[in-house]
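Engineer: In the working numbering, the protein residues as written are 17 to 340.
This is the structure, below, for whatever I ask next.
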């Protein structure tokens, strides 16, 4: 019955589908769930647990500690500039823990680090290291131009050697952004910000040693626990912005059961999204549903695409030229 299905939306509560239960999707669903009088939140993901690429892995029994322990696999921590992340963790009842970051790159003849002063690679590139600091300042001054120029092209334009690019700059940028083989295509302006922007930088650039400090960082708590807490808050959670009205002691009506703040649809892969002028239709295949079964479309007022661009392109119907 279509009228019954969308009755809540007709009474003023908007049905919102959040597609993707990774970091962005969990944060979006949690934020909306703080206002249960305004939103009915559905969180979709093909996996059976929230978190996306940020996973917590159970490790075998340690010979040192004598017990199982857990590590965050994929994302381990962040910088003090991750203020919103820290606040979100606190809302879920968790805290980040401070540490000093020591990193090293390369192997044998290409090895260098941020905690040893004398390294052969650094000594061999000391003139390029000093010049790269000047180029970073130029990039920052002309940021709109360098925003569209990849770092590989900037380094080539200013005559930096292939060994400096491949052994020093690209490994460091890959560490910053987790960009893998696409590291040479990262925007030059973004690279400069990592060194010079007070809200983004991880390291202060050193014109002699490239990196010669151990910056303050923060280790994340077990992310599986964080995401489970965000999407499965306590049953008595209510909106902080608009407290729910209390029933009168003299009322004879039985209290109405409360819907969960977030309806977790884990294990349901969104296959198609149709956009209309004032609503969205979504088809999500359940874990055991076969391809030939008839599609059952659900109607929502809004959809939040908290998934990768490749997934969005696959599931969105009738995308515009600019969207593609």
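Each residue gets a CB set at the ideal place from its N, CA and C atoms; glycine is no exception.
Taking DSSP as the reference, what is the three-state secondary structure of residue 49?
Structural biologist: In the chain shown, counting from the first residue as 1, residue 49 sits at position 33. Residue state, collapsed to three classes: helix.
Engineer: How close, in whole Å, do the beta carbons of residue 97 and residue 216 come, if the pair is a contact with beta carbons under 8 Å?
Structural biologist: Start at 1 with the first residue of the chain shown, and residue 97 comes out as number 81. Start at 1 with the first residue of the chain shown, and residue 216 comes out as number 200. With 8 Å as the limit, residue 97 and residue 216 qualify as a contact, their Cβ atoms being about 6 Å apart.
Engineer: Identify the residues that DSSP records as bridge partners of residue 222: which are they?
Structural biologist: The residue labelled residue 222 in the question sits at position 206 within the chain shown. Answer is 226.
Engineer: Where do the ends of the beta strand (DSSP E) carrying residue 97 lie?
Structural biologist: The residue given as residue 97 occupies position 81 in the chain shown. Residue 97 -> no beta strand (DSSP E), and no H or E assigned at all.
Engineer: Assuming residue 31 and residue 56 make a contact with CB atoms under 8 Å, what is their CB distance in whole Å?
Structural biologist: For the purposes of this step, residue 31 is taken as the residue at position 15 of the chain shown. For the purposes of this step, residue 56 is taken as the residue at position 40 of the chain shown. The Cβ separation is near 5 Å, so the contact holds.
Engineer: Compute the Euclidean distance between the alpha carbons of residue 135 and residue 222, then round it to the nearest angstrom.
Structural biologist: Counted from its first residue, the chain shown places residue 135 at position 119. Counted from its first residue, the chain shown places residue 222 at position 206. Computed Cα separation, rounded: 14 Å.
Engineer: Under 7 Å Cβ to Cβ from residue 86, same chain only, skipping five residues before and after it: list those, please.
Structural biologist: Within the chain shown, residue 86 is the residue found at index 70, counting from 1. Around residue 86: 72, 73, 74, 75, 238.
Engineer: Looking at the strands, I want to know which residues DSSP matches up with residue 301.
Structural biologist: Here residue 301 is taken as the residue at index 285 of the chain shown, counted from 1. Its beta-bridge partners are 285.
Engineer: Alpha carbon to alpha carbon, how far is residue 132 from residue 112?
Structural biologist: Here residue 132 refers to the residue found at position 116 when the chain shown is read from its first residue. Here residue 112 refers to the residue found at position 96 when the chain shown is read from its first residue. The straight-line gap from Cα to Cα measures roughly 27 Å.
Engineer: Tell me, to the nearest whole angstrom, how far the beta carbon of residue 144 is from that of residue 205; I am working on the premise that it is less than 8 Å.
Structural biologist: Position 128 of the chain shown, counted from the start, is the residue given in the question as residue 144. Position 189 of the chain shown, counted from the start, is the residue given in the question as residue 205. About 20 Å separates the two Cβ atoms, so there is no contact after all.
Engineer: Start and end of the beta strand (DSSP E) containing residue 88?
Structural biologist: If you number the chain shown from 1, residue 88 lands on position 72. It spans 85-89 - the beta strand (DSSP E) in which residue 88 sits, taken as one unbroken run.
Engineer: Indicate the three-state DSSP secondary structure (helix, strand or coil) for residue 321 in the structure shown.
Structural biologist: As a first step, residue 321 is located in the chain shown; it is residue number 305 there, counting from the start. In this structure, residue 321 counts as strand in the three-state DSSP scheme.
Engineer: Answer yes or no: do residue 116 and residue 284 have a C-beta to C-beta separation smaller than 8 Å?
Structural biologist: For the purposes of this step, residue 116 is taken as the residue at position 100 of the chain shown. For the purposes of this step, residue 284 is taken as the residue at position 268 of the chain shown. Going by C-beta atoms, residue 116 is not nearer than 8 Å to residue 284.
Engineer: Taking 6 Å as the limit between beta carbons, can you name the residues of its chain near residue 259, skipping five residues before and five after?
Structural biologist: As a working mapping, residue 259 is identified with position 243 in the chain shown. Since pLDDT at residue 259 reaches only 41, below the 50 mark, its modelled position is unreliable, and the value read off the structure follows with that caveat. The answer is none, since no qualifying residue turns up.
Engineer: Please determine, among 292, 244, 246, the residue with the shortest C-alpha to C-alpha distance to residue 319.
Structural biologist: Your numbering for residue 319 matches position 303 in the chain shown. When only C-alpha atoms are compared, the closest one is 292.
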